[in-house]
Amino acid sequence: MQVEVVAADERNLDATGMSTAPPVDPPVDLDRWRALAAAVVTDLGGRGELTLTFVDRSAMAALNSEWMGIDCPTDVLAAPLDAVVDPDTDVGPSVPQLLGDVVVCPAVAADQFADHAGTLVDELALLVVHGILHVFGHDHVDPDEATVMRGEERRLLERYHWHGPTPDGFRHEH
Numbered sequence: 001m002q003v004e005v006v007a008a009d010e011r012n013l014d015a016t017g018m019s020t021a022p023p024v025d026p027p028v029d030l031d032r033w034r035a036l037a038a039a040v041v042t043d044l045g046g047r048g049e050l051t052l053t054f055v056d057r058s059a060m061a062a063l064n065s066e067w068m069g070i071d072c073p074t075d076v077l078a079a080p081l082d083a084v085v086d087p088d089t090d091v092g093p094s095v096p097q098l099l100g101d102v103v104v105c106p107a108v109a110a111d112q113f114a115d116h117a118g119t120l121v122d123e124l125a126l127l128v129v130h131g132i133l134h135v136f137g138h139d140h141v142d143p144d145e146a147t148v149m150r151g152e153e154r155r156l157l158e159r160y161h162w163h164g165p166t167p168d169g170f171r172h173e174h
């Protein structure tokens with residue numbers, strides 16, 4: 001197994017996992033975000049499985065409270081699961097490596113994109129990349145770490161999202 005990204009849009013599911021249709025806004029292109037996540041994980045030398053889940057405000061608030069002790073929704077949460085293995089180490093085909101979970105709240109992204117990434121699509125791309133970098137051990141607690149992480153975000157977005165230079169309207173202070 002090289003890289004597998006399991007992506008799900010859980011924003012219109014009730015507590016039992018049944019659809020509450022109609023679909024919620026903003027729409028999420030799971031194939032697009034799955035492909036971006038797989039490219040980023042591969043670029044970072046990862047092998048294994050990553051989950052990428054899109055949730056609504058209430059689900060994100062519950063996760064943020066559980067994981068971070070903060071009682072409000074946030075834009076992205078990430079939880080590494082297994083230690084990232086050396087890409088030269090063969091863990092064997094029957095032992096999948098669980099890299100981690102990235103959870104994104106498109107409603108929060110929709111609230112902040114105009115003052116942040118410039119477009120909703122760029123904001124969602126940034127949040128996917130940002131979450132994956134957290135899974136791989138990056139952080140932005142101190143200024144030096146933040147500079148490194150922002151540089152990696154920009155590099156990965158230019159390579160796999162924009163396929164070229166950063167657009168003028170993009171700001172990614174997080």
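Each residue of the sequence shown is one higher than the one before, starting from 1 at the first, in the numbering used here. Ideal Cβ positions, reconstructed from N, Cα and C, are used throughout, including at glycine. Nothing here was measured: the structure is a model prediction, and the numbers come from that model.
Notebook entry, point to check: With F105 and M60 assumed to form a contact (beta carbons below 8 Å), what rounded beta-carbon distance in angstroms separates them?
Noted result: The amino acid occupying residue 105 in the given sequence is Cys; Phe does not appear at that position. Sure, about 4 Å apart at Cβ, within 8 Å.
Notebook entry, point to check: With distances taken from CA atoms, which of P26, D111, V129, L77 is nearest V40?
Noted result: V129
Next item on the list: Just grab the DSSP bridge partners of A54 for me.
Entry: Strictly speaking, residue 54 in this sequence is Phe, with Ala absent from that position. Paired residues: D9, V104.
Checklist line | V102 versus V6: straight-line alpha-carbon distance, rounded | finding: 10 Å
Notebook entry, point to check: Below 8 Å, can you find three or more Cβ-Cβ pairs linking the region 112 to 128 to the region 23 to 38?
Noted result: Yes, they touch.
Check: Assuming V76 contacts A38 under a Cβ cut-off of 8 Å, what Cβ separation, rounded to an integer in Å, is found between them?
Finding: Incorrect: roughly 17 Å between the Cβ atoms, too far for contact.
Check: How many Å lie between A8 and T51 at the Cα?
Finding: Whole-angstrom Cα-Cα distance: 8 Å.
Next item on the list: Go ahead and label N12 buried or exposed: buried means 16 or more other beta carbons lie within 10 angstroms of its beta carbon, across all protein chains shown.
Entry: exposed
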